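Residues 10 to 498 in our numbering are what the sequence shown spells out, letter by letter. The beta carbon of each residue, even a glycine, is placed where N, CA and C say it ideally should be. The structure presented is a predicted model; accordingly, all values stated were derived computationally and were not measured. Below you'll find the structure, written out as structure tokens, and then a few comments.
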Amino acid sequence: MKKISSPVLLIISLLVFGAGIFYFWDYSIDDAFVTFRYAEHLADGHGLSFNVGDKAVEGYSNFLWLLLLSALYGIGLPTYLSAKILGVVFFALSGWLWMRIEEDLSLHFPVSAGTLFLFAPVTAFWAVSGLELGLHTFLVSGAIFLLLRNSRIALVPLALLVLSRPEGIVTSLAILMAGWVARPASKPERHSGILPGIGVILLVFTALVLFRMAVFGYPLPNTYYAKAESSAAGWLELGKFALYLLPLSLLFLLILYRSLRTGDFRRWETLFALIFLLQAVVSVRASAVMNLHFRYLIPVLPLFLIAALKGWELIRPAWKKPVLAIMIIFLFSPIFAVSGTVAREKEIMAAQNDLIAKLKTTSEETRLSITDAGRIPYYTDRYFYDIWGLNSEDIAHKGFNPTTEYFRFPDYFIFVGHIANEKLFLRFGKEELIFQNRGFKECYPLVSVSAPPKADIGQPGYYYLTFAKNQRAVDSLLSVAGKKYPVGQ
10 MKKISSPVLL
20 IISLLVFGAG
30 IFYFWDYSID
40 DAFVTFRYAE
50 HLADGHGLSF
60 NVGDKAVEGY
70 SNFLWLLLLS
80 ALYGIGLPTY
90 LSAKILGVVF
100 FALSGWLWMR
110 IEEDLSLHFP
120 VSAGTLFLFA
130 PVTAFWAVSG
140 LELGLHTFLV
150 SGAIFLLLRN
160 SRIALVPLAL
170 LVLSRPEGIV
180 TSLAILMAGW
190 VARPASKPER
200 HSGILPGIGV
210 ILLVFTALVL
220 FRMAVFGYPL
230 PNTYYAKAES
240 SAAGWLELGK
250 FALYLLPLSL
260 LFLLILYRSL
270 RTGDFRRWET
280 LFALIFLLQA
290 VVSVRASAVM
300 NLHFRYLIPV
310 LPLFLIAALK
320 GWELIRPAWK
330 KPVLAIMIIF
340 LFSPIFAVSG
350 TVAREKEIMA
360 AQNDLIAKLK
370 TTSEETRLSI
380 TDAGRIPYYT
390 DRYFYDIWGL
400 NSEDIAHKGF
410 NPTTEYFRFP
420 DYFIFVGHIA
430 NEKLFLRFGK
440 EELIFQNRGF
450 KECYPLVSVS
460 APPKADIGQP
470 GYYYLTFAKN
480 QRAVDSLLSV
490 AGKKYPVGQ
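Laid out in structure tokens, this is it:
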């Protein structure tokens, strides 16, 4: 099959990618606003704390991204818009780099992995999310591109990868080792860069750990301790990825099978496949919510695509065209699930806007407990306890205790759920456990429900139930308990 010329392919890829950006532009994941809040607090001189005046807690998983957004905010640029634009630019550059990488590797697929990457709806979806994924993808792409050209500058993106995400140290070392393994043994410079490269990566990682220990008291982000779990949920999400992209997954496995059978693990497509598998194993350690729509696999998706396309080359010539067509069709199959997420998110944002407007009328000293610690805290700028634990050191390291959270006695508890037949239905287990504490209904009567316009709160939905503190009932409860906990303890 004849390959389309690179300039034409790039233009087509960017047009399809641009259409996806336009379609998803209004979407932003709630998690991104946690980083926005930290970035602005840092630029404003409040340090790396979620609440102004609190002890520093690393409630984000993207140190380099935070620094970049903080710097842009510091010079007067809007954080939200900057994050979206940078995400789009970094993903577009990554797609272009992968086209160049394929040329350097003399891979002549009729449709490049870079093109398929930009075609994928999940790429555009995450590009506008506000997260660090575009930056991380660009660093992965740039490191591989420069390694293939034997450039010493490759150490720059490899070092920055360490600062980009908690698993960046693993990704960086894996890419460096892949470059060493793939280099012909006959070349005298084969070993020249490996030890300095490892040294630089470990030096940056050591500096980062020492910084964390000095500022936060822990070697890894607080989010790692809050998100990490040993359950089947992450594996199920990985299984969804394999099913959505089934033809590509089968071709990916074909390449791995060939490598096992021949014992040749020095091919780049095989090394790409192994790096992808390494990231997949790391990803499944996070909760299923954090693996939404292949979130942690997006930066290494081009590696998966190159391995799959190499597998496509191994099938019979008569089957190549139909298989290629099926591959592309399956690449678009997540669009329905992703569009469903965006539609639900718009409803949630409408409920959040209603709640944000109400909270802005409260005193600036108001303290609240909430599960969704992103968009609502960012736009209300109040003091928030994070029930989920991303920004709570106690929950992340000691475990969630509903009585402890109850006895913080914030001015408001904000839970997610709905009301049917005068009965409350809460969405999250942690909220339900707090609600079941002794005297909660007396101490925190329900005062409002925030929902999208014209929503039926009697039907299941993502609505915000606000419970306001009854100080007299709280004092009565404490006198019976024989203890008094200052607010915020």
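Would residue i and residue j be called neighbours here (beta carbons separated by less than 8 Å)?
i	j	result
Gly398	Phe409	yes
Phe147	Leu73	no
Phe506	Leu254	Nothing can be reported for residue 506, as the shown portion of the chain is limited to 10 through 498.
Phe126	Leu310	yes
Ala122	Glu112	no
His406	Val131	no
Ala152	Leu140	no
Asp39	Gly349	no
Phe42	Tyr387	yes
Return the chain-ordered list of same chain residues with a C-beta closer than 6 Å to the C-beta of residue i, the five sequence neighbours on each side being excluded.
i	result
Phe424	Leu435, Glu440 and Leu474
Tyr494	The predicted model places Tyr494 with a pLDDT of 49, which falls under 50 and marks its position as unreliable; any figure quoted below should be read in that light. Same-chain partners within the cutoff: Phe416.
Asp420	Thr375, Arg376 and Lys478
Val293	Gly243, Trp244 and Leu247
Pro166	Leu148, Gly151 and Ala152
Ile178	Val171 and Phe214
Take residue i and list the residues in its own chain whose beta-carbon comes closer than 8 Å to its own, dropping the five residues that flank it on each side.
i	result
Gln498	Below a pLDDT of 50, predicted positions are generally treated as unreliable, and Gln498, at 41, falls in that range; no measurement from the model is reported.
Val98	Gly143
Leu280	Ala187, Val190, Ala191 and Phe274
Restricting to Cα atoms, I'd like to know which of the options is closest to residue i.
i	options	result
Ile264	Glu354, Ala282, Leu254 and Thr350	Ala282
Gly29	Asp465, Thr413, Ile357 and Phe341	Phe341
Ile385	Ile357, Pro411 and Thr412	Ile357
Trp107	Phe154, Ala334, Tyr32 and Glu373	Phe154
Sorted by chain position, which residues of the same chain lie with C-beta nearer than 7 Å to residue i's C-beta, five sequence neighbours on each side aside?
i	result
Cys452	Lys478, Asn479, Ala482, Val483 and Leu486
Leu318	Phe118 and Ala122
Trp105	Leu19 and Gly123
Phe437	Thr380 and Val425
Pro343	Pro130, Val131, Tyr253 and His302
If you run the structure through DSSP and keep just helix, strand and coil, what is residue i?
i	result
Ala223	helix
Lys432	strand
Phe118	coil
Leu455	strand
Arg376	strand
Asp484	helix
Val425	strand
Ala241	coil
Arg413	It is Thr, not Arg, that sits at residue 413 in the sequence shown. Residue state, collapsed to three classes: helix.
Ala366	helix
Phe476	strand
Phe42	helix
Phe437	coil
Asp403	helix
Phe393	strand
Trp34	coil
Arg109	helix
Thr371	coil
Gly104	helix
Tyr471	coil
With a threshold of 7 Å (Cβ to nearest heavy atom), would residue i be considered close to the ligand MG?
i	result
Leu172	Absent from the structure shown: the ligand MG. Ligands present: none.
Do we get a CB-CB distance below 8 Å when we pair residue i with the residues of chain B?
i	result
His302	The structure shown contains no chain B; it holds only a single protein chain.
Quiz item: Do the segment 207-220 and the segment 49-63 meet, that is, are 3 or more Cβ pairs less than 8 Å apart?
Solution: As far as the Cβ criterion goes, the segment 207-220 does not touch the segment 49-63, which means the pair count is below three.
Quiz item: How do the segment 161-175 and the segment 264-278 stand: do at least 3 beta-carbon pairs fall below 8 Å, yes or no?
Solution: no
Practice problem: Examine the Cβ distances between the segment 38-57 and the segment 74-89 and report whether three or more of them are shorter than 8 Å. | Solution: yes
Quiz item: How about the segment 62-71 and the segment 383-401: do they share at least three Cβ pairs that are nearer than 8 Å?
Solution: yes
Exercise. Determine contact between the segment 91-109 and the segment 127-140, defined as no fewer than three beta-carbon pairs at a distance below 8 Å.
Key: yes
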